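Worksheet: one structure, shown below.
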Ligand code: NAP
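In structure tokens form, the structure reads like this:
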């Protein structure tokens, strides 16, 4: 089997000039900043954009805390991507399936080819977390959603719940209200985790919050019709009629891709990096939400990307290229 896979990989890569100094896996703010810096250092740079997980930033309806920019996440990403291309970074819209250490660098094996690079920057971000309750999977696309910007417009004038108490949940609730949904936020505690400025925006719009409550299950027929909740303080079950439910209970890092390389991760799956964004494997760097950094913001992801590119530059230079 392994032999067949290797043969397939060799066939896919035959005759193609796919040699780079730096390959960046991911095209969110960390990956794109790394691409801008790497290309500007004069390194042959390629960045891979994958569909799953899409950059969390591309799904963010409003950005207010990235210095010098106000708008939506998709717009900001497009600007970053164009900047990276302008400086000569190459873009591949291909899913990376495997990374492999080889003599003098790494192989990046995608669904349609094999690339080689001297250094790799992992910037794969994270994917939305699920609640794991009955009905959730069943009604995905039929009332259950993890993306307010993608699906919100289907629920204009309708009753929706947003689950979560972090920045994403509060931003989503505000966005859904703005586009005309009848929104209620459900949070498992009696205080929100979201930053103060967002909380003020939420309360200013009179968006109701169901406190101390969790979702037990989602029920319906063709589509989701109600959420059964539990008030954890009063130990009371109750039902809420809904047309939709947006789940925003955090992200889990998308780091399975580094497993074969022996890159160390923490128990939650975040890649362990030092202050230079180096992993424990020489030539492998990581940046952004996939790392074990304390703050997960667009601006810190960009900072990580710049540092990772600088470290990759030093590493490639040290190899005498
Ligand atoms: P988060 O900050 O990890 O918050 C997740 C929220 O979901 C928390 O309120 C948590 O409750 C709740 N939760 C988790 N598991 C749950 C469960 N099983 N049932 C019910 N509730 C559950 O995640 P996030 O809001 O997606 O943000 C991810 C990162 O991106 C954060 O670092 C955030 O700051 C950043 N971000 C920033 C911005 C911005 O700056 N504008 C926007 C979006 C995201 P507890 O509070 O009780 O733990």
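Residue numbers (our numbering): 59 to 379. Here a beta-carbon is modelled for each residue, glycine too, at the ideal position from N, C-alpha and C. Since the structure is predicted, the reported quantities are computational estimates derived from the model, not experimental observations.
- Taking 7 angstroms as the cut-off, one finds at least one heavy atom of the ligand NAP near enough to the beta carbon of residue 245.
- In terms of Cβ geometry, residue 181 and residue 320 do not form a close pair [threshold 8 angstroms].
- With a cutoff of 7 angstroms, residue 251 counts as near the ligand NAP, since its C-beta is closer than that to a heavy atom of the ligand.
- Remark: C-beta atoms of residue 276 and residue 228 do not approach each other more closely than 8 angstroms.
- Across the structure, residue 269 and residue 328 are spaced so that their CA atoms are roughly 30 angstroms apart.
- The closest CA to that of residue 231, considering only 279, 336 and 257, is found on 257.
- Counting the other Cβ atoms within 10 Å of the Cβ of residue 255 gives fewer than 16, which makes it exposed.
- Following the DSSP letters along the chain, one finds residue 213 in no beta strand (DSSP E), marked with neither H nor E.
- The DSSP assignment places 240-244, 271-278 and 282-289 as complete runs of the beta strand (DSSP E) inside the region 219-293, in order along the chain (cut-off: 3 residues).
- Unbroken beta strand (DSSP E) runs of no fewer than 3 residues, entirely contained in the region 295-319, are found at 302-305 and 309-311, following chain order.
- Residue 284 has its Cβ no nearer than 7 angstroms to any heavy atom of the ligand NAP.
- Secondary structure in the region 69-156: the alpha helix (DSSP H) runs of 4 residues or longer, each lying completely within the stretch, are 87-98 and 131-144 in chain order.
- The ligand NAP never approaches residue 378 closely enough for any of its heavy atoms to be under 7 angstroms from the residue's Cβ.
- The continuous stretches of beta strand (DSSP E) do not include residue 334, and DSSP gives it neither H nor E.
- Around the C-beta of residue 105, 16 or more other C-beta atoms lie within 10 Å, and the residue is accordingly described as buried.
- In this structure, the beta-carbon distance from residue 191 to residue 306 does not fall below 8 angstroms.
- The Cβ atoms of residue 233 and residue 252 do not sit closer than 8 angstroms to each other.
- When DSSP states are grouped into helix, strand and coil, residue 170 belongs to the coil group.
- Residue environment analysis places residue 169 among the exposed positions, since fewer than 16 neighbouring C-beta atoms fall within 10 angstroms of its C-beta.
- DSSP places residue 321 outside both helix and strand once states are collapsed to three, so it counts as coil.
- Residue burial is scored here from C-beta neighbours: residue 81 has at least 16 other C-beta atoms within 10 angstroms and is therefore classed as buried.
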